[in-house]
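Asks: Before I ask anything, let me first share the structure, which is written out below as structure tokens.
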Amino acid sequence: MESLTLAVERPPLAQPVELPIRFPGSLLAAARDRANEQGERPVEALEALSTLEPLAFVRALGVTLHYPVLDAATLFKCTPEFDQVSLAQALKREFVMLRLEDALIGVFADPFDDARLAWIDECLQGAGLYLCHAADLAAYLARQEEGFHAVAALDTQGDEAHEYDTLETLSLTSISEDASAVVKLVNSTLYDALKMHASDIHLGVTGSGMVIKYRIDGVLNNISKVQGAEFADQVISRIKVMAELDIGEKRVPQDGRFKIGINGRQIDFRISIMPSIFGEDAVLRVLDKQDLADRVSGVRLEALGFEDATLLSLRRLAAEPYGMVLVTGPTGS
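If you want the working numbering, it's the position in the sequence shown, counting the first as 1, plus 5.
Below, the structure is given as structure tokens:
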């Protein structure tokens, strides 16, 4: 008798399902203890103790504290809503309002700061709150800051000029915290000029206020207008104070200089004050040596726009065994 062999289909093996990690209470307590001992923030201490990759850490933190998580790819596709929370506040509070498709959401990175959470709760007004990694949020805000004009966010009317503070470093956060409208305007003008790689800043006083212009790649561009003759006079006085010039002398030209800090480097400004029919005009020459070095690194003579005959003459003269080739330009170039 022949035996029958039955072919039995076996179901495919199920793929292992990766369950989300949940931090135990003991690890949270250890993170708080470490934060108190070493002066860290609890979220930083928890990430160090967890030894997880950034995305895995944020997902585990979201599961533990019941927050939905936003990864870096999704974060950078969102549109910022700075009319809800300004960029200056976003940088200071490490919180931003975003438009994700058609929904308005808030995104933050530190769920252990109770005071900040209370402030965030007032801003949300019913919007969803998402958690992301602190480095991803910082990178997103830095990208928004690159294309943001500080002057556009300022209201120069309604504040009186107070005593002038020494200008040390510039950032959107420090500009937003300035009490004086005059200081805000001057600092934001310098900040935007540096962001736009301007070589000169022109402050021209008119009968009704002031016109601000930037020289970018040799072209003078109108940037903004400031209303109020008295306010414009206070702006020029602020520039004089920064350059240690005589604010009481308005009949003769004055020259000076000052330095500011931005992004960890020092920028030199050369100042020229010139009397005009409506008061005094100011021109600020921007001397950012580090930016210039970064922009012209690797530039050859061919990239400077010389005609072929001039280029050949320069190379021939530079190859001579003696003599010199002089390159001249404006003072300070």
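Every residue, glycine too, gets a C-beta built ideally from N, C-alpha and C.
1. Under the rule that 16 or more other beta-carbon atoms within 10 Å means buried, what is Ala-108, buried or exposed?
2. Going by beta-carbon coordinates alone, are Arg-275 and Val-191 separated by less than 7 Å?
3. In this structure, what does DSSP give as the bridge partners for Asp-126?
4. For Asp-164, which of helix, strand or coil comes out of DSSP?
5. Please classify Ala-324: does DSSP put it in a helix, a strand, or coil?
6. Along the chain, where does the beta strand (DSSP E) that runs through Tyr-145 open and close?
7. Among Val-224, Gly-214, Lys-189 and Gly-310, which residue has its Cα nearest to the Cα of Asp-205?
8. Which whole runs of the alpha helix (DSSP H) in the region 181–268 are 4 residues long or more, in chain order?
9. Give every residue of the same chain whose Cβ lies closer than 7 Å to the Cβ of Gln-149, excluding the five residues on either side of it in the sequence, and list them in chain order.
10. Under 8 Å by Cβ, that's how I've got Pro-29 and Tyr-72 pegged, so tell me the actual separation to the nearest angstrom.
11. Using only alpha-carbon positions, find the residue among Leu-136, Val-246, Arg-27 and Gln-232 that is nearest to Gly-209.
12. Does the region 87–104 come close enough to the region 136–150 that 3 or more CB-CB pairs lie under 8 Å?
13. Expressed to the nearest angstrom, what Euclidean distance is found between the alpha-carbon atoms of Ile-265 and Ala-186?
14. Sort Arg-39, Ala-234, Leu-80 and Val-63 by Cα distance to Met-102 and report the nearest one.
Replies: Taking the definition as stated:
1. exposed
2. no
3. Answer by DSSP bridge pairing: none, since Asp-126 is not bridged.
4. Reliability fails at Asp-164, whose pLDDT of 41 lies under 50, so the model's placement of it is uncertain and the value that follows must be treated cautiously. Of the three classes helix, strand and coil, the one that applies to Asp-164 here is coil, per DSSP.
5. coil
6. Note, Tyr-145: premise wrong, no beta strand (DSSP E); alpha helix (DSSP H) at 139–151.
7. Val-224
8. 186–200 and 234–247
9. The answer, listed in chain order, is Pro-85 and Leu-92.
10. Contact flag wrong, Cβ pair sits at about 18 Å.
11. Gln-232
12. yes
13. 19 Å
14. Leu-80
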